[in-house]
Amino acid sequence: MMWPVAPSIYVQIFAVSLGVLLVSVGRLRKKRSAPPGPDGLPFIGNLLDLPKREAWQVYLDWSKHYDSDILSMKVPGAQFFILNSAKVIQDLLVKKANIYSNRPHSTLLKDLIGITWLIPFMNNGERWREHRRLFRREFETAESSVVNKTHEVVAARKLLRRLLRSADHEGEIRLAVVDAIMSTTYGISLEDLNHPFVRGPEGANAIFADVARGEYIVDVFPLLRYLPTWVPGTVFHTIAKKGKALADSLLMDPYGQVQAEMANGTACSSVASRFLSADQDGTVSETEKEVLRNVCGNAYLGGADTIVCSLYSFVIAMALYPDVQKKAQISLDAVLEGGRLPEFEDFLELPYLSAVINEVLRWHPVTPFANYHASTEDDAYEGYHIPKGAIMIPNTWAILHDERIFGPDTDKFDPERFLKADGSLRLDLSEIDVVFGFSKRACPGRVMAKDTLWIMMASILTAYTIADPFDMDGNVLTAESHLEYTTALVSFPPHIRVSFKPRIAESVIHESLSE
Numbered sequence: 001m002m003w004p005v006a007p008s009i010y011v012q013i014f015a016v017s018l019g020v021l022l023v024s025v026g027r028l029r030k031k032r033s034a035p036p037g038p039d040g041l042p043f044i045g046n047l048l049d050l051p052k053r054e055a056w057q058v059y060l061d062w063s064k065h066y067d068s069d070i071l072s073m074k075v076p077g078a079q080f081f082i083l084n085s086a087k088v089i090q091d092l093l094v095k096k097a098n099i100y101s102n103r104p105h106s107t108l109l110k111d112l113i114g115i116t117w118l119i120p121f122m123n124n125g126e127r128w129r130e131h132r133r134l135f136r137r138e139f140e141t142a143e144s145s146v147v148n149k150t151h152e153v154v155a156a157r158k159l160l161r162r163l164l165r166s167a168d169h170e171g172e173i174r175l176a177v178v179d180a181i182m183s184t185t186y187g188i189s190l191e192d193l194n195h196p197f198v199r200g201p202e203g204a205n206a207i208f209a210d211v212a213r214g215e216y217i218v219d220v221f222p223l224l225r226y227l228p229t230w231v232p233g234t235v236f237h238t239i240a241k242k243g244k245a246l247a248d249s250l251l252m253d254p255y256g257q258v259q260a261e262m263a264n265g266t267a268c269s270s271v272a273s274r275f276l277s278a279d280q281d282g283t284v285s286e287t288e289k290e291v292l293r294n295v296c297g298n299a300y301l302g303g304a305d306t307i308v309c310s311l312y313s314f315v316i317a318m319a320l321y322p323d324v325q326k327k328a329q330i331s332l333d334a335v336l337e338g339g340r341l342p343e344f345e346d347f348l349e350l351p352y353l354s355a356v357i358n359e360v361l362r363w364h365p366v367t368p369f370a371n372y373h374a375s376t377e378d379d380a381y382e383g384y385h386i387p388k389g390a391i392m393i394p395n396t397w398a399i400l401h402d403e404r405i406f407g408p409d410t411d412k413f414d415p416e417r418f419l420k421a422d423g424s425l426r427l428d429l430s431e432i433d434v435v436f437g438f439s440k441r442a443c444p445g446r447v448m449a450k451d452t453l454w455i456m457m458a459s460i461l462t463a464y465t466i467a468d469p470f471d472m473d474g475n476v477l478t479a480e481s482h483l484e485y486t487t488a489l490v491s492f493p494p495h496i497r498v499s500f501k502p503r504i505a506e507s508v509i510h511e512s513l514s515e
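With the first letter of the sequence shown counted as 1, position 432 gets the number 432 in UniProt numbering; the numbers rise by one all the way through.
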């Protein structure tokens, strides 16, 4: 069950029925103190209070209204706790990680679709730790990072070349990101925007978004999974069938291609091929191979949309704040001296670019709510009772827009907030790391994600000036324009039109791919 926003009308109707059945039981329980929140209604609790749009801002407004950084809401069968400050999250999810590291259960995702292999959805335990260990070994160590960066650089160069001829910057960015991930993970190079490997994560994350919005009644009443498909309201069976086919394809098809290429001797170097090559003597167990397959699937599905979304926000920010873009380009030109494209070796010489990346992640975080946590036992916090099974929703957006931490005008895109007076990067704003989650449940792929963002952003700013922002209706966009991001697990910006104006010779771009 995942409901940070208003669920569908069908879920609301069924939830009313559940509320009627449970209300008598609830009255028999001793009432304990809960954090503030809307009063709710008999039987259905706060079901009608759940916001439909920009829930992160609504919850932050409520936090100010109730003068509390922790809020609570009840719906039939669940109690939510909204965590709106870095302190509350530190006190609960970090300091008490031993009881707040589980995940809420989704009947649709786990039981019907069978997505038990995604690390963010796994409960705390040995299976989760085993997957996390292997992921970090293959993607996060210094040795693996050097190898992986080679693929990321090539993908960035290919993006620059395609932007010379294509007006579809969103499509080209998506292709570049998936190409970087697939070549790193599986040794598969992609050139076609319509390739199933490129489009696949979009479909999967659309299903995740629907589940997060409470679109499917089976996540409220798990027993409904046993109803036959002809019963009205069981559309979740159709979604489950489609979702399972898609999820299985995303997990198995790239891995199967690597196995086939290794068998015929055509496999390129990748995380998967290096791991499987080490099994020439047959000492790698089937369980270890399964974990490797799952880890590769996590890098692919977990990384694609999140990195793409950040780059879309970057493009918008550069178009809306040309002074920031110009300053970043000046810093790049000073290091590159106008004769080459950026390399990872330039990283330490470009603190302003690092500040731009941090500000992109802060300004409109890809996941306004971090992955939900579930308590494994009763707890108390500042006089409030938190029951076992409570769903904890960290409001990442609220933290990243906290003026006590990031200074004034947090709705403005301003990389200077991450810089010292001498232009060096501030290292004290560790709160920016909340974009990758908390404590031991933090995203294991954050190093790869930040590396990909850095080389893509540095390359784009070196080769192009992003200008002329218009919405899809032809209206000019400015820094004062309201941009409504989607309310979903991965929150995408609205589609816009911009121009990519070359600022270096085309020959530099083409020659970079032949080096």
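We put the beta carbon where it would ideally sit given N, CA and C, even for glycine. Predicted model, so just to flag it, every value in this text is computed and none were measured.
Tell me the rounded alpha-carbon separation between residue 56 and residue 510.
Mapped onto the sequence shown, residue 56 falls at position 56. Mapped onto the sequence shown, residue 510 falls at position 510. The straight-line gap from Cα to Cα measures roughly 43 Å.
Assigned secondary structure, residue 502 (DSSP; H/G/I helix, E/B strand, else coil):
Mapped onto the sequence shown, residue 502 falls at position 502. Three-state DSSP puts residue 502 in a strand.
Buried or exposed: where does residue 414 fall if 16 or more other Cβ atoms within 10 Å of its Cβ makes it buried?
Taking the first residue of the sequence shown as position 1, residue 414 is located at position 414. Buried: at least 16 other Cβ atoms inside 10 Å.
Simplified DSSP state of residue 425, which is helix, strand or coil:
Sequence index remark: in the sequence shown, residue 425 carries index 425 (1-based). Residue state, collapsed to three classes: strand.
State the beta-bridge partners of residue 385 as determined by DSSP.
Walking along the sequence shown from the start, residue 385 turns up at place 385. Paired residue(s): 380.
Selection from 242, 91, 457 and 277 that minimises the alpha carbon distance to residue 347
To locate residue 347, count along the sequence shown from 1; it is residue 347. Of 242, 91, 457 and 277, the residue nearest in Cα terms is 457.
At what residues does the beta strand (DSSP E) containing residue 468 begin and finish?
On the sequence shown, position 468 is the one that residue 468 refers to. Per DSSP, residue 468 belongs to the beta strand (DSSP E) from 464-471.
Alpha helix (DSSP H) segment containing residue 351, residue limits:
As a working mapping, residue 351 is identified with position 351 in the sequence shown. Where residue 351 is concerned, the enclosing alpha helix (DSSP H) stretches over 351-363.
Thinking C-beta only, is residue 367 closer than 9 Å to residue 306?
What you label residue 306 is simply residue 306 of the sequence shown in a count that begins at 1. What you label residue 367 is simply residue 367 of the sequence shown in a count that begins at 1. Yes, they are a contact pair.
Can residue 107 and residue 228 be called in contact, C-beta distance under 9 Å?
Position 107 of the sequence shown, counted from the first residue, corresponds to residue 107. Position 228 of the sequence shown, counted from the first residue, corresponds to residue 228. No, the Cβ-Cβ distance between residue 107 and residue 228 is not below 9 Å.
Sort 208, 505, 500 and 507 by Cα distance to residue 167 and report the nearest one.
Position 167 of the sequence shown, counted from the first residue, corresponds to residue 167. With distances taken between Cα atoms, residue 167 lies closest to 500.
Going by the CB atoms, is the gap between residue 436 and residue 449 shorter than 9 Å?
In the sequence shown, counting from the first residue as 1, residue 449 sits at position 449. In the sequence shown, counting from the first residue as 1, residue 436 sits at position 436. Closer than 9 Å, so yes.
Grouping DSSP H, G and I as helix and E and B as strand, with all else coil, what is residue 201?
Residue 201 sits at position 201 when you count from the first residue of the sequence shown. Helix, per DSSP.
Closest by CA to residue 494, which one among 312, 137 and 285?
Locating residue 494 in the sequence shown gives position 494, where the first residue counts as 1. With distances taken between Cα atoms, residue 494 lies closest to 312.
Where in the region 72-132 do unbroken runs of the alpha helix (DSSP H), each at least 4 residues long, occur, reported from the N-terminal end onward?
86-89
Can you check whether the CB of residue 439 is closer than 9 Å to the CB of residue 97?
Indexing the sequence shown from 1 puts residue 97 at position 97. Indexing the sequence shown from 1 puts residue 439 at position 439. Contact flag set, yes.
Cα-Cα, which of 358, 50, 60 and 54 is closest to residue 402?
By one-based count along the sequence shown, residue 402 stands at place 402. Residue 402 has its Cα closest to that of 60, out of 358, 50, 60 and 54.
Residue range of the unbroken alpha helix (DSSP H) whose run includes residue 394:
Within the sequence shown, numbered from 1, the residue matching residue 394 stands at position 394. First-last for residue 394: 391-394, but that is the beta strand (DSSP E), not the alpha helix (DSSP H).
Looking at the secondary structure, which residues open and close the alpha helix (DSSP H) in which residue 345 lies?
Position 345 of the sequence shown, counting from 1, holds the residue named residue 345. Note, residue 345: premise wrong, no alpha helix (DSSP H); not H, not E.
Under the three-state DSSP convention, the category residue 374 falls into:
Numbered from 1 along the sequence shown, position 374 holds the residue referred to as residue 374. Reduced to three states, the DSSP call for residue 374 is strand.
Any contact between the region 75-83 and the region 203-212? By contact I mean 3 or more CB pairs, one from each, below 8 Å.
no
Near residue 180, what residues of its chain come up, given a Cβ to Cβ distance below 6 Å and the 5 sequence neighbours on each side ignored?
In the sequence shown, counting from the first residue as 1, residue 180 sits at position 180. Only 151, 152, 155 and 452 meet the Cβ criterion.
Thinking just about the alpha-carbon of each residue, which of 100, 172 and 374 is nearest to the one in residue 194?
Walking along the sequence shown from the start, residue 194 turns up at place 194. Out of 100, 172 and 374, 172 has the C-alpha closest to the C-alpha of residue 194.
If you drop the 5 nearest sequence neighbours on each side, which residues of the same chain put their C-beta closer than 8 Å to that of residue 442?
For the purposes of this step, residue 442 is taken as residue 442 along the sequence shown, with counting starting at 1. Within the same chain, residue 442 has close Cβ partners 433 and 436.
Would you check whether the ligand HEM has a heavy atom nearer than 8 Å to the C-beta of residue 183?
The ligand HEM is not part of this structure, which contains no ligands at all.
Three-state secondary structure assigned by DSSP to residue 18:
Within the sequence shown, residue 18 is the residue found at index 18, counting from 1. Here the model assigns residue 18 a pLDDT of 46, short of 50, so the residue's position is not dependable and the matter cannot be decided.
Would you call residue 30 buried or exposed, if buried means 16 or more other Cβ atoms sit within 10 Å of its Cβ?
What you label residue 30 is simply residue 30 of the sequence shown in a count that begins at 1. For residue 30, the pLDDT reaches just 38, beneath the cut-off of 50, and the residue's location in the model is therefore unreliable, although a value from the coordinates is still provided. By the neighbour-count rule (16 or more Cβ atoms within 10 Å), residue 30 is not buried but exposed.
Could you give the DSSP three-state label for residue 476: helix, strand or coil?
Indexing the sequence shown from 1 puts residue 476 at position 476. Looking at residue 476 - three-state DSSP - the assignment turns out to be strand.
Near residue 298, what residues of its chain come up, given a Cβ to Cβ distance below 7 Å and the 5 sequence neighbours on each side ignored?
Here residue 298 is taken as the residue at index 298 of the sequence shown, counted from 1. Excluding sequence neighbours, residue 298 sits near 118, 119 and 135.
If you draw a straight line from the C-alpha of residue 323 to the C-alpha of residue 316, how long is it?
Here the question's residue 323 lines up with position 323 in the sequence shown. Here the question's residue 316 lines up with position 316 in the sequence shown. Rounded to whole angstroms, residue 323 to residue 316 spans 13 Å at the Cα level.
Neighbour-count burial assignment, residue 395, 16 or more Cβ in a 10 Å radius
The sequence position of residue 395 within the sequence shown is 395, counting from 1. Looking at its Cβ environment, which holds 16 or more other Cβ atoms inside 10 Å, residue 395 is buried.
Beta-bridge partners of residue 496, as assigned by DSSP:
Counting from one through the sequence shown, the residue named residue 496 turns up at place 496. The partner list for residue 496 (beta bridge, DSSP) reads 471.
From the DSSP secondary-structure annotation, give me the bridge partner or partners of residue 369.
In the sequence shown, the residue the question calls residue 369 occupies position 369. Partner(s): 395.
So does the region 100-116 actually touch the region 372-384, counting three or more Cβ pairs closer than 8 Å?
yes
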